[in-house]
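Chemist: Just so you know, we're using the numbering used here here: the sequence shown kicks off at -14 and counts up by one.
Backbone N, C-alpha and C fix where the C-beta goes; we use that ideal spot for every residue, glycine too.
This structure is in structure tokens; I'll ask about it shortly.
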Amino acid sequence: MPRFVPLLLLFLLIAAGCAWRAGETAEVRRGRELIIKAGCNDCHTEGYLAAGGVVPEDQWLAGSRLGFRGPWGVQYPANLRLLLNRLDEAQWLEVAAKMRTNSPMAWSLLPSLERDDLRDMYAYVRWLGPAGEPAPASLPSGVTPTTEVIDFPRAH
Ligand code: HEC
């Protein structure tokens, strides 16, 4: 094998890595920071808390089968990778502006963010691209879930 072949392979690998990272704009990077700091992965990424946050980024925000049981019945953290790839930016801003009270999610947070923050979050999730399956459908109060659940008495 000629001596330059390992070097060439290394170069190709780096080039492929750069191509994969392509499109990672300042908005995407800011969106990632916001998602991390706001703790969205805690619920919307399967096994994130149990793994101490060590889950490959390409699996982030693909929803979870760990349900939250409360007065609302059982609700599952939505697959944001599928949802945001279905919505255009204006639709996302509408969803994020809607305050909900019948949910374990701290819904006061999203409506309180600046539009630019929400736009950056959107850019980031779109950059990640669609992945995974939709989260299980929510269950009305009194129906026994077939997945694991966390008992969650009220919104926080
Ligand atoms: C405590 C767990 C928890 C955290 C933290 C959390 N979510 Fe949620 N989220 C849920 C659950 C459960 C649902 C499903 C119930 C609902 O729609 O309110 C949900 C629903 C949503 C939906 C609605 C999906 C739809 O189909 O309408 C969006 C959008 C969303 N979350 C975004 C976020 C973002 C962005 C963050 C970080 C700022 C976040 N969530 C943090 C648990 C959480």
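1) By Cβ distance, which residues of its chain are closer than 6 Å to I135, with the 5 residues on each side in sequence left out?
2) Suppose you measure from the CA of L68 to the CA of L(-8); what does that come to, to the nearest Å?
3) Would you call the CB atoms of V(-10) and A108 closer than 8 Å?
4) Looking at M84 and the ligand HEC, is the gap between the Cβ and the nearest heavy atom below 7 Å?
5) Measure the C-alpha to C-alpha separation of W57 and E99 and round it to an integer number of angstroms.
6) Between which two residues does the beta strand (DSSP E) harbouring A54 extend?
7) The beta strand (DSSP E) that contains D102, what's its start and end?
Modeler: To lay it out plainly:
1) What you label residue 135 is simply residue 150 of the sequence shown in a count that begins at 1. Excluding residues within five positions, the ones whose Cβ falls inside 6 Å are F53.
2) In the sequence shown, counting from the first residue as 1, residue 68 sits at position 83. In the sequence shown, counting from the first residue as 1, residue -8 sits at position 7. In this structure, the straight-line span from the alpha carbon of L68 to that of L(-8) is close to 42 Å.
3) For the purposes of this step, residue -10 is taken as residue 5 along the sequence shown, with counting starting at 1. For the purposes of this step, residue 108 is taken as residue 123 along the sequence shown, with counting starting at 1. Not in contact: V(-10) and A108 (Cβ atoms no closer than 8 Å).
4) On the sequence shown, residue 84 is found 99 positions in, with the first residue counted as 1. Because no heavy atom of the ligand HEC lies under 7 Å away, the Cβ of M84 does not count as near it: no.
5) On the sequence shown, residue 57 is found 72 positions in, with the first residue counted as 1. On the sequence shown, residue 99 is found 114 positions in, with the first residue counted as 1. Linking W57 to E99 through their CA atoms gives a straight-line distance of about 29 Å.
6) Looking up residue 54 in the sequence shown gives position 69. Looking at the sequence shown, residue 54 is not Ala but Arg. First-last of the beta strand (DSSP E) with R54: 52 to 55.
7) Numbered from its first residue, the sequence shown carries residue 102 at position 117. For D102, there is no enclosing beta strand (DSSP E); the residue is part of the alpha helix (DSSP H) that begins and ends at 100 to 113.
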